[in-house]
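Asker: The structure follows.
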């Protein structure tokens with residue numbers, strides 16, 4: 345029996361994570377002071393250099409509010425960001441114009457050492473469907489200006505929404521060239537579907553740029569790694585242009601982890617949960633997330649709903665924190681009994697039930713699952729006589745996945761669309777209850793974004809592509825180059841432009857729409873635009 349099997353066995357017998365493990369990670373985080381309390385914060389700080397090296401960001405908008413974010417870090421690659429061990433008062437402003445002649449709201453908050461001197465301000469009472477500009481002040485320093493927006497009211501059917509979908513931005517393996525074109529696209533928002541950072545030690549993955557330090561484990565390690573990624577001007581420049589809605593995959597913590605189980609053999613779950621707590625806290629600190637996402641030890645609720653009027657309901661999922669261990673040793677396998685077991689869950693019962701409730705209650709034209717790993721049951725080998733499926737993706741949780749498709753079909757959920765990251769290649773999939781049965785009716789459409797940089801420059805031509813497409817009737821497009829997806833959604837159609845960057849290994853790469861696909865409301869079949 346492998347160590348991962350032994351851990352799974354102990355988890356089953358103990359009814360989940362034991363009290364010993366809970367105690368092991370519950371003490372790893374300092375108590376977090378009340379957010380927004382400023383009476384005890386230093387109101388006149390001085391800095392040795394610009395404290396706003398991480399830029400600004402906004403996220404999780406609704407029709408009347410949005411989260412504004414920054415982090416004070418004059419020396420971002422130091423564990424404490426170059427900040428003293430004290431709270432610092434930060435003032436924020438929100439304006440109806442870029443020149444701040446029409447300041448609509450302002451306030452003060454505390455950037456605390458316990459949260460890495462990050463700032464998360466939830467501004468409420470705003471007008472729906474409107475652009476705003478914001479900035480921060482600390483001492484004599486002023487941040488760059490960011491732009492954000494609110495969503496339409498829940499009972500309004502907007503004419504259009506334009507947004508980008510991206511994931512997998514390995515710092516060592518490429519330049520963030522795709523964000524240059526994304527900025528020119530003038531999108532309303534960005535969905536980032538995970539692998540915002542990579543946890544590997546310096547030099548393991550690539551030579552375009554180099555990580556700092558060993559494989560990250562401690563809170564200081566994760567903070568520095570996030571800061572190194574966020575120091576890229578194209579990344580924090582794109583954050584400043586529009587709100588982002590984020591979720592994680594595995595590399596924000598540890599490659600291919602599953603709940604309390606590390607990818608590595610013989611890792612005590614107690615030790616892994618300490619690492620997970622560090623990773624989750626650093627992730628919260630560096631992302632424009634609401635207080636409801638504030639982690640509690642090694643737990644953090646990241647799944648949530650994002651509603652763009654009556655045009656689209658987005659359910660942002662977490663397919664890492666609650667999942668069962670990957671079957672078949674996490675090796676590519678047939679859809680055997682282990683992969684099809686009813687006990688295999690990607691979402692966990694609480695999140696799954698929440699998802700079903702949200703889908704049933706939705707009155708939107710489009711219903712979107714924004715999540716991490718490919719849902720199409722794709723034979724990656726392309727050999728019908730000996731098919732191979734990824735056990736880290738939904739095929740390793742095939743029963744739950746088929747039940748989801750059955751639910752969407754039986755409950756007649758309006759226009760289900762799945763947005764996916766993770767796989768470093770682009771795909772367009774037509775989803776059925778069982779994708780291996782061509783006679784099953786179509787249920788949903790899946791758009792899979794390639795990586796922004798991970799994998800370096802992928803091949804422009806894929807070997808055995810015809811064989812793969814012939815073996816997988818659900819697959820309508822597959823490409824291995826870098827880029828992102830630009831989506832334009834109206835009440836009548838969903839258009840997905842696959843934006844491809846020709847070179848991420850050196851400056852000067854160009855990003856263009858290589859292929860475009862359209863799905864019409866009422867029919868999940870994919871058409872070439």
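In the numbering used here, the protein residues as written are 345 to 873. Glycine included, every Cβ here is placed at the ideal spot set by N, Cα and C.
What is the DSSP secondary structure of residue 740, counted as helix, strand or coil?
Answerer: helix
Asker: For residue 434 versus residue 480, is the C-beta spacing smaller than 7 Å?
Answerer: yes
Asker: Can residue 408 and residue 470 be called in contact, C-beta distance under 7 Å?
Answerer: In this structure, residue 470 lies closer than 7 Å to residue 408 by Cβ.
Asker: Is the beta carbon of residue 401 less than 7 Å from the beta carbon of residue 583?
Answerer: yes
Asker: Got a sec, what are the start and stop residues for the alpha helix (DSSP H) residue 516 sits in?
Answerer: It is not in any alpha helix (DSSP H) - residue 516 carries neither H nor E in the DSSP assignment.
Asker: With a threshold of 8 Å, are at least 3 pairs of Cβ atoms found where one atom belongs to the region 560-568 and the other to the region 419-426?
Answerer: yes
Asker: Quick check on residue 367: does DSSP put it in helix, strand or coil?
Answerer: Only weak support is given to the placement of residue 367: the predicted model assigns it a pLDDT of 45, under 50, and the question is left unresolved by the model.
Asker: State the DSSP-derived secondary structure class of residue 867, mapped to helix, strand or coil.
Answerer: coil
Asker: Quick check: what's the CA-CA separation for residue 572 versus residue 554?
Answerer: 10 Å
Asker: Distance check for residue 691 and residue 495, CA to CA, integer angstroms please.
Answerer: 27 Å
Asker: Alpha carbon to alpha carbon, how far is residue 518 from residue 800? Give it in angstroms, no decimals.
Answerer: 6 Å
Asker: Counting Cβ pairs, one atom from each stretch, are 3 or more of them under 8 Å apart for the region 686-705 and the region 775-795?
Answerer: no
Asker: What did DSSP end up calling residue 637 once you bin it into helix, strand or coil?
Answerer: helix
Asker: Using the Cβ count rule (16 or more neighbours within 10 Å means buried), how would you classify residue 406?
Answerer: buried
Asker: Ignoring anything shorter than 3 residues or poking outside the region 777-838, list the beta strand (DSSP E) runs there in chain order.
Answerer: 788-792, 819-823 and 826-833
Asker: Work out the CA separation of residue 718 and residue 808 for me, nearest whole Å.
Answerer: 20 Å
Asker: Could you pull out every unbroken alpha helix (DSSP H) segment of at least 4 residues lying fully inside the region 576-602, listed in chain order?
Answerer: 577-583
Asker: So residue 647 and residue 661 are in contact, right, with Cβ under 8 Å, and what is the actual spacing, rounded?
Answerer: 5 Å
Asker: Enumerate in chain order the residues of its own chain whose CB-to-CB distance from residue 834 is below 7 Å, with the five nearest sequence positions on each side excluded.
Answerer: Result list for residue 834: 503 and 504, in chain order.
Asker: Can you tell me the Cα-Cα spacing of residue 708 and residue 612, whole angstroms?
Answerer: 45 Å
Asker: Quick one: give me the first and last residue of the beta strand (DSSP E) that residue 760 is part of.
Answerer: First-last of the beta strand (DSSP E) with residue 760: 760-764.
Asker: Here's a check: name, in chain order, each residue in its chain whose Cβ is nearer than 7 Å to the Cβ of residue 446, leaving out the five neighbours to either side.
Answerer: 439 and 440
Asker: According to DSSP, is residue 752 helix, strand or coil?
Answerer: It is helical.
Asker: Flag this pair as yes or no: are the beta carbons of residue 385 and residue 454 separated by less than 7 Å?
Answerer: yes
Asker: What did DSSP end up calling residue 604 once you bin it into helix, strand or coil?
Answerer: coil
Asker: Nearest-angstrom Cα distance between residue 557 and residue 703?
Answerer: Rounded to the nearest angstrom, the gap between the Cα atoms of residue 557 and residue 703 is 44 Å.
Asker: Between the alpha carbons of residue 491 and residue 602, how many angstroms are there, rounded?
Answerer: 36 Å
Asker: Is it the case that the Cβ atoms of residue 830 and residue 848 are separated by a distance below 7 Å?
Answerer: no
Asker: According to DSSP, is residue 544 part of a helix, a strand, or is it coil?
Answerer: coil
Asker: When DSSP builds the beta bridges, which residues end up paired with residue 490?
Answerer: 478
Asker: What distance in whole Å lies between the Cβ atoms of residue 735 and residue 683, which are believed to be in contact at a cut-off of 8 Å?
Answerer: 7 Å
Asker: Could you give the residue range of the beta strand (DSSP E) that holds residue 651?
Answerer: 648-652
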